[in-house]
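These notes concern the structure reproduced below.
Protein chains: 2
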Amino acid sequence: MESDDALREALRLAVDPPGGVSIEALRELARDDDATDWDIATTAAHLAVNPHTLRYYERIGLVRVTRNKAGHRRYDAAAIRRLVFLTRMRTSGMPISDLRHYVDLVDAGHDTVPERMEMMLEHRDTLRSQIAQLQLALAATEYKIATYQGAPLP
Amino acid sequence: MESDDALREALRLAVDPPGGVSIEALRELARDDDATDWDIATTAAHLAVNPHTLRYYERIGLVRVTRNKAGHRRYDAAAIRRLVFLTRMRTSGMPISDLRHYVDLVDAGHDTVPERMEMMLEHRDTLRSQIAQLQLALAATEYKIATYQGAPLP
DNA sequence: GCTTGCCTTTGAGTACGCTCACACGCCTAG
DNA sequence: CTAGGCGTGTGAGCGTACTCAAAGGCAAGC
């Protein structure tokens, strides 16, 4: 039933919000475990990033990706999960250097959990103030809109 | 009462949130109108930007700034208001090129109100999805934190 | 008078995060 | 068998938005 899979894939791509893999797609990837590894194009499409970016992330050590016998990248569920996390952190403004440090900590094992938590706590604060800033900007924008709607004022 | 002013200024600087002039400070600036123009250092401090950035914004035509007889910039209430708006738009990700276009429209007069409103409507949408993205990132971050707190899990 | 410090202009330099060019390899369809 | 399409690694290039360097001016305090 290959066309069935293709159809489901197309539907999923059409439905998923831009800029993120859906939770459902991720869950499905986790369910059948190792059979459904994605190639670089599929992965890039789901994550809404450039395939070049995925190669770049691997080059700088953010993810390790296995290869098939042709030497092509195959992204398994663990890699996708990490990439989802990484792209979320990136789109929320965490610098690449911090992410490199973070994955180094992950690779170093359980002893680094306190430092990782410290990083996440700090990022949480950053995110909260970012959201607050954006809400101010949104208010300013809506104020302008209201002004333009209300009066022919400059 | 110059030391009084200085004291109030210091207090205001201490209290204002980083990354923004307070509404109160702006209102006061508007109240006594032309007497309280700010120099570049004061303006930069209130807007939480580098003085170099203010010169840059003027250079590329985002603001017009008057000079005192020594040739130094003096930011009046109108300039500050525009800069507050500009920095809000910048911190919320509007590109400089769009801002240039926007101020050109403002300078071109009332006829451009529809296009300006169009820009603001579009930016409002951008902001809303940005906020949604950040809230996803916040949820992911809080999930990590909870994981690290709950179990000594990777 | 001279130093100190903040200001001026202009052109150049930097940081970041991709993004691309190039030269080549594998696999499938016609 | 060969052409098309997608993949590979590596070094170089790019866009954005600042950020700084250099050379000099003015004004107040010692």
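In order, the protein sequences belong to chains A and B. Going by the UniProt record's numbering, the residue at position 82 of the first sequence is 82; the numbering climbs one at a time, nothing skipped. Going by the UniProt record's numbering, the residue at position 127 of the second sequence is 127; the numbering climbs one at a time, nothing skipped. Backbone N, C-alpha and C define an ideal beta-carbon position, used for all residues, glycine too. Just so we're clear, the structure is a prediction, and the values are computed from it rather than from any experiment.
Residue i to residue j span [Cα, whole Å]
i: B:T42; j: B:V49; result: 10 Å
i: B:D125; j: B:P95; result: 15 Å
i: B:T36; j: B:D76; result: 7 Å
i: B:L83; j: B:L47; result: 8 Å
i: B:V103; j: A:Y148; result: 15 Å
i: B:K144; j: B:R81; result: 40 Å
i: A:L136; j: A:R128; result: 13 Å
i: B:W120; j: B:Y56; result: Residue 120 of chain B is actually Met in this sequence, not Trp. Cα to Cα, the separation comes out at about 24 Å.
i: residue 176 of chain A; j: B:T112; result: Given a span of 1 to 154 for chain A in the structure shown, any question on residue 176 of chain A remains unanswerable.
i: B:L105; j: A:P114; result: 52 Å
i: A:E118; j: A:D98; result: 12 Å
i: A:H110; j: B:R88; result: 41 Å
i: B:I60; j: A:A140; result: 23 Å
i: B:L138; j: A:L134; result: 14 Å
i: A:S92; j: A:V65; result: 24 Å
i: A:I40; j: A:D107; result: 23 Å
i: B:R73; j: B:R67; result: 5 Å
i: B:K69; j: B:L86; result: 27 Å
i: A:R90; j: B:G71; result: 43 Å
i: A:E58; j: A:A79; result: 10 Å
i: B:G150; j: A:E122; result: 18 Å
i: B:H52; j: B:W38; result: 16 Å
Residue i: contacting residues in chain A (beta-carbon distance under 8 Å)
i: B:A48; result: The contacting residues do not exist; B:A48 stays about 11 Å from chain A at best.
i: B:I80; result: Going along chain A, no residue has its Cβ under 8 Å from B:I80, so there is no contact; the nearest lies around 14 Å.
i: B:T53; result: Those do not exist, as B:T53 stays about 17 Å from chain A at its closest Cβ, beyond 8 Å.
Residue i in three-state terms, based on DSSP
i: B:T36; result: coil
i: B:D5; result: Residue placement at B:D5 is poorly supported in this model, since its pLDDT is 44, which falls under 50; the coordinates still yield a value, given next. B:D5 falls in the helix class under three-state DSSP.
i: A:R73; result: strand
i: B:A48; result: coil
i: B:L153; result: Any reading at B:L153 must be qualified, since the residue scores a pLDDT of 48, below 50, and its modelled position is unreliable; the value itself is stated next. Of the three classes helix, strand and coil, the one that applies to B:L153 here is coil, per DSSP.
Proximal chain A residues relative to residue i, where beta-carbon distance stays under 9 Å
i: B:I145; result: M117, M120, L121, R124
For residue j and residue i, believed in contact at Cβ under 8 Å, the rounded distance
i: A:R100; j: A:L62; result: 7 Å
i: B:L54; j: B:A44; result: 6 Å
Residue i - containing alpha helix (DSSP H), residue span
i: B:R64; result: Here B:R64 belongs to no alpha helix (DSSP H), and DSSP marks it neither H nor E.
i: A:P114; result: 113-150
i: B:H101; result: 96-108
i: B:A77; result: 77-91
Amino acids of chain B, ordered along the chain, whose beta-carbon sits closer than 7 Å to that of residue i
i: A:T141; result: M120, H123, R124, L127
i: A:T91; result: Q133, A137
i: A:R88; result: L136, A137, A140
Neighbour list for residue i in chain B, Cβ cutoff strictly below 8 Å
i: A:S97; result: Simply none; closest approach about 18 Å.
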